[in-house]
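Protein chains in written order, with the UniProt record's numbering: chain A, 1 to 211; chain B, 1 to 211; chain C, 1 to 211; chain D, 1 to 211.
Worksheet for the structure shown next.
Number of protein chains: 4
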Amino acid sequence: MAAPARKKPVKRRRSPIQSRGQATVDVIVEAAAQILARQGPAAATTNAVAARAGVSIGTLYQYFADREALLVEIGRRHVAEMQAVLAGALAGIDGLDLPAAVDRLVAAIVASHRVSPRLHQALHQSLARDHLDTIDAFEVAVEAMVRQALAARPELDLAAPELTATVLVRGLGGLIRTTIRREPERLDDPALAIAMRAMILGTLAGSRRGA
Amino acid sequence: MAAPARKKPVKRRRSPIQSRGQATVDVIVEAAAQILARQGPAAATTNAVAARAGVSIGTLYQYFADREALLVEIGRRHVAEMQAVLAGALAGIDGLDLPAAVDRLVAAIVASHRVSPRLHQALHQSLARDHLDTIDAFEVAVEAMVRQALAARPELDLAAPELTATVLVRGLGGLIRTTIRREPERLDDPALAIAMRAMILGTLAGSRRGA
Amino acid sequence: MAAPARKKPVKRRRSPIQSRGQATVDVIVEAAAQILARQGPAAATTNAVAARAGVSIGTLYQYFADREALLVEIGRRHVAEMQAVLAGALAGIDGLDLPAAVDRLVAAIVASHRVSPRLHQALHQSLARDHLDTIDAFEVAVEAMVRQALAARPELDLAAPELTATVLVRGLGGLIRTTIRREPERLDDPALAIAMRAMILGTLAGSRRGA
Amino acid sequence: MAAPARKKPVKRRRSPIQSRGQATVDVIVEAAAQILARQGPAAATTNAVAARAGVSIGTLYQYFADREALLVEIGRRHVAEMQAVLAGALAGIDGLDLPAAVDRLVAAIVASHRVSPRLHQALHQSLARDHLDTIDAFEVAVEAMVRQALAARPELDLAAPELTATVLVRGLGGLIRTTIRREPERLDDPALAIAMRAMILGTLAGSRRGA
DNA sequence: AATGAATGAGTTTTCATTCAT
DNA sequence: CATGAATGAAAACTCATTCAT
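Okay, structure coming up:
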């Protein structure tokens with residue numbers, strides 16, 4: 001059920017001992033993320049990153065064994081940020097009734113995808129297959145969360161709650177990413193949110209044990 | 001409604017009307033597609049492509065202005081192939097009742113995504129942003145098709161048929177692509193097809209004018 | 001009895017098809033050998049070699065997979081040249097009586113070591129352990145030759161002819177190389193040749209079955 | 001008679017008279033020697049040396065002006081060690097008769113070459129031409145010693161005692177080093193020691209004034 | 001004295017692309 | 001049209017060395 005997972009370990013290098021080093025790492029990662037988001041993967045050469053970070057190329061390699069390690073670190077931080085946004089937008093959802101909870105979920109997932117969508121896509125394009133799980137981690141987490149939420153509502157009477165969670169989350173995620181890529185402005189259209197709610201509620205209804 | 005779309009034109013070179021040239025183009029495109037699918041974007045250098053095609057690098061540039069043009073052509077053919085598979089799997093769907101039609105649709109979309117999924121992903125990773133619409137064309141076409149199909153069934157009484165089509169198609173597509181990438185073997189699981197049907201039918205029911 | 005020999009194969013690249021390519025290879029190899037001999041291993045960067053050869057760096061890598069492959073090729077040619085000189089200087093040795101033959105041999109080995117001694121040493125310094133056998137090949141060949149020559153003179157009555165050959169050749173070679181490195185001008189000293197003859201004849205006499 | 005010898009001076013930094021500094025120097029030198037011997041010249045970067053020595057890179061440069069200075073110091077110590085082994089193995093040789101003395105000498109030279117042969121070779125490969133005399137110093141000393149020993153035995157009646165010493169020592173040294181590099185295990189073969197004795201005694205006999 | 005973060009010139013190597021034959 | 005030798009800008013990465021703390 002799990003993915004192949006022969007991911008070769010990401011080679012980090014010197015974990016900074018002094019606080020100065022930590023600041024440098026941040027500067028580098030942010031510079032790289034910016035270039036990636038604004039100019040795309042091809043522009044994010046290690047030299048360009050170092051230059052924009054205001055750091056020498058040697059310094060970059062003090063902290064990252066190679067370009068891929070830098071990309072992975074960006075991915076990790078990006079996922080963490082998305083998760084933070086999601087968690088924030090999801091606060092207090094437990095007390096809500098189903099329709100309200102679904103609205104919250106939709107809003108939360110959309111909000112989390114608004115975090116640097118260009119970076120998100122650039123990471124998808126530049127990470128090696130071995131490391132794509134770094135960004136997949138976000139959706140994996142969301143799936144777990146939704147799975148749990150569905151389990152907590154037995155009144156939904158789902159035939160296969162876990163599968164339903166998977167289908168919902170992946171479907172929703174794909175929909176949002178495709179829309180961001182092809183029609184970014186449309187993400188603000190309230191009609192879309194309504195349609196997504198309809199999709200979720202409908203899917204839940206259609207996934208009942210009896211159906 | 002559409003994306004920014006300042007796509008720089010794809011420079012193709014002499015369109016070979018003669019059969020000899022056509023054959024050469026085919027050989028090149030197939031060689032490139034194979035490398036892309038089997039070894040990934042990084043391995044698909046123009047020299048490697050020419051070598052595998054059994055053609056000199058000069059000949060490659062006789063037919064393609066640059067590497068990107070070659071990638072775009074591969075994308076076009078890949079999309080055409082997916083569409084062909086889709087069309088084949090969809091034959092006779094018009095006469096079916098809704099549940100049967102939905103099953104057909106699910107099967108058809110899944111089938112079309114089985115066409116070189118590795119190539120599909122490689123294209124996603126290697127095409128420049130300007131040219132991603134080449135592969136997006138597939139889903140655009142499916143959306144149009146589904147939009148039409150929904151319009152032909154007024155008894156569904158949809159509040160926003162076009163939007164529902166969009167949501168369904170993009171959601172389904174994203175779900176399938178994510179699953180292929182992360183759990184490829186799961187695509188064969190009949191439970192998944194059932195869940196997808198539930199999602200579609202549920203979404204249609206949940207998108208009624210009254211809901 | 002043989003060396004470990006897990007030598008990783010030398011990656012050559014395109015063997016030139018056109019004669020132009022062969023000429024290019026020659027130019028590159030000669031440029032590299034010159035830099036190596038005159039300025040030492042550190043100066044023989046691939047860029048410096050390409051520049052001196054009047055060729056672009058890309059061309060160098062068309063013919064040599066990496067720097068090491070170039071070094072190995074230089075080594076091969078150097079050894080071939082040494083062997084050619086040796087063979088030339090050894091012509092007609094078979095008919096001579098022992099003292100005359102020994103003189104010839106000494107002169108021949110000395111002469112072969114006069115072929116680019118600086119290059120010889122630079123190769124010793126720059127070749128990876130895996131590839132040192134490339135230049136060792138010369139002495140291996142000389143050992144074989146001398147072994148055969150000793151075998152052809154049973155009147156020498158050697159207790160261990162093969163070992164004697166080994167000792168003689170390696171001793172002689174080391175003596176010559178050390179002398180070249182530390183007192184190059186001394187190689188012209190006739191007294192040295194006389195001393196080497198004494199060493200050889202003495203060693204042969206001292207290695208008799210009875211001794 | 002000597003080599004060109006325009007050796008640029010080895011810049012050492014503060015000679016640490018205090019024991020703390022001396023200990024640090026020792027640690028650094030030993031770390032470097034170990035890396036050199038085990039992993040070869042390429043692995044012996046200054047940073048790697050400092051790391052293995054458990055010292056900061058800054059400290060390394062406190063004691064050595066540059067990498068070359070460190071290498072030279074390693075060379076000096078290595079030579080000292082070889083000489084110590086040689087001296088130890090040679091103790092009491094003066095009282096022996098010729099054959100016994102020769103056996104002693106052979107054993108002693110072999111023993112001294114067993115001191116870190118990998119390091120010996122690594123030094124040969126990494127020292128700049130200007131500093132090769134650092135390790136050549138060993139053989140220079142041996143030559144002096146043998147020259148003296150031969151002078152002390154006028155009964156040998158040598159035509160050119162000094163030259164004979166040179167030829168013997170360099171030949172022997174080259175033979176041993178070549179054998180170590182190409183067939184290390186053979187150094188333990190008693191037959192080789194016998195052959196070397198034959199070579200020495202034979203050479204002495206063949207180098208008589210009358211010969 | 002010791003530290004270790006930072007430097008950046010310099011190295012190897014790749015690969016899309018051109019053009020003389 | 002086809003060939004393939006040649007190009008060279010540019011990429012990733014290394015490592016000896018410096019210097020502020």
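For each residue, glycine too, the CB sits at the ideal point set by N, CA and C.
From a predicted model like this one, the values you see are computed outputs, not experimental measurements.
CB contact check: residue i to chain A, cutoff 8 Å
i                        : result
methionine 82 of chain B : no
aspartate 136 of chain B : yes
threonine 45 of chain B  : no
alanine 108 of chain B   : no
Paired residues, beta bridge with residue i - DSSP
i                      : result
leucine 158 of chain C : C:Arg208
Any C-beta of chain C under 8 Å from that of residue i
i                       : result
arginine 170 of chain D : yes
arginine 182 of chain D : yes
leucine 132 of chain D  : yes
alanine 160 of chain D  : yes
Within chain D, partners of residue i - CB distance below 7 Å
i                     : result
valine 167 of chain C : Leu175, Ala195, Met196 and Met199
Closest residue to residue i among the options (Cα-Cα distance)
i                         : options                                   : result
methionine 82 of chain D  : D:Arg114, D:Asp97, D:Pro99 and D:Tyr61    : D:Arg114
histidine 124 of chain B  : B:Asp94, B:His78, B:Val102 and B:Asp66    : B:His78
proline 184 of chain A    : A:Ala191, A:Pro190 and A:Ile176           : A:Ile176
leucine 60 of chain A     : A:Glu68, A:Met145 and A:Ala50             : A:Ala50
arginine 208 of chain A   : A:Leu71, A:Pro161, A:Ile109 and A:Glu68   : A:Pro161
glycine 202 of chain A    : A:Ile180, A:Pro99, A:Glu30 and A:Ala151   : A:Pro99
arginine 181 of chain A   : B:Ala91, B:Ala33 and B:Ala128             : B:Ala128
glutamate 68 of chain A   : A:Ala193, A:Ser56 and A:Leu132            : A:Leu132
alanine 193 of chain B    : A:Leu192, A:Thr166 and A:Ile135           : A:Thr166
proline 117 of chain C    : C:Asp130, C:Gly75 and C:Asp97             : C:Gly75
glutamine 148 of chain D  : D:Asp136, D:Gln121, D:Ile135 and D:Thr164 : D:Thr164
alanine 53 of chain C     : C:Leu96, C:Val72 and C:Ile28              : C:Ile28
glycine 206 of chain A    : B:Ala198, B:Glu155 and B:Leu204           : B:Ala198
arginine 153 of chain D   : D:Thr46, D:Gly171 and D:Asp94             : D:Asp94
methionine 196 of chain B : A:Thr178, A:Leu168, A:Ala191 and A:Asp189 : A:Leu168
valine 10 of chain A      : A:Leu172, A:Asp26 and A:Leu71             : A:Leu71
Min CB distance residue i to chain D below 8 Å
i                        : result
glutamine 125 of chain C : yes
methionine 1 of chain C  : Legend: pLDDT at methionine 1 of chain C = 41, less than 50; position of this residue unreliable, no value from coordinates given.
alanine 69 of chain C    : no
alanine 5 of chain C     : For alanine 5 of chain C, the predicted model reports a pLDDT of 42, less than 50, meaning its position is unreliable; a value from the coordinates is still stated below. It does not; no Cβ of chain D falls within 8 Å.
glycine 210 of chain C   : no
Beta carbon proximity, residue i to chain B, threshold 8 Å
i                       : result
arginine 129 of chain A : yes
glycine 75 of chain A   : no
Proximal residues of chain D, C-beta to C-beta of residue i below 8 Å
i                         : result
isoleucine 207 of chain C : Before going on, a small fix: residue 207 of chain C reads as serine here, not isoleucine. Chain D residues near serine 207 of chain C: Ala195, Ala198, Met199 and Gly202.
Contacts of residue i in chain C (Cβ-Cβ under 9 Å)
i                      : result
proline 141 of chain D : Before going on, a small fix: residue 141 of chain D reads as alanine here, not proline. Result: empty, since nearest Cβ-Cβ is about 13 Å, beyond 9 Å.
Contacts that residue i makes with chain B (C-beta to C-beta distance below 8 Å)
i                      : result
leucine 163 of chain A : Ala191, Leu192 and Ala195
Neighbour list for residue i in chain B, Cβ cutoff strictly below 7 Å
i                        : result
threonine 179 of chain A : Arg170
Under 9 Å from the C-beta of residue i: neighbouring residues of chain A
i                     : result
glycine 40 of chain B : Ala128 and Arg129
Exercise for review: Examine the Cβ distances between the segment 57 to 77 of chain A and the segment 21 to 31 of chain A and report whether three or more of them are shorter than 8 Å.
Suggested key: yes
Review point. Are the segment 101 to 117 of chain D and the segment 83 to 92 of chain D touching by the rule of at least three beta carbon pairs closer than 8 Å?
Key: yes
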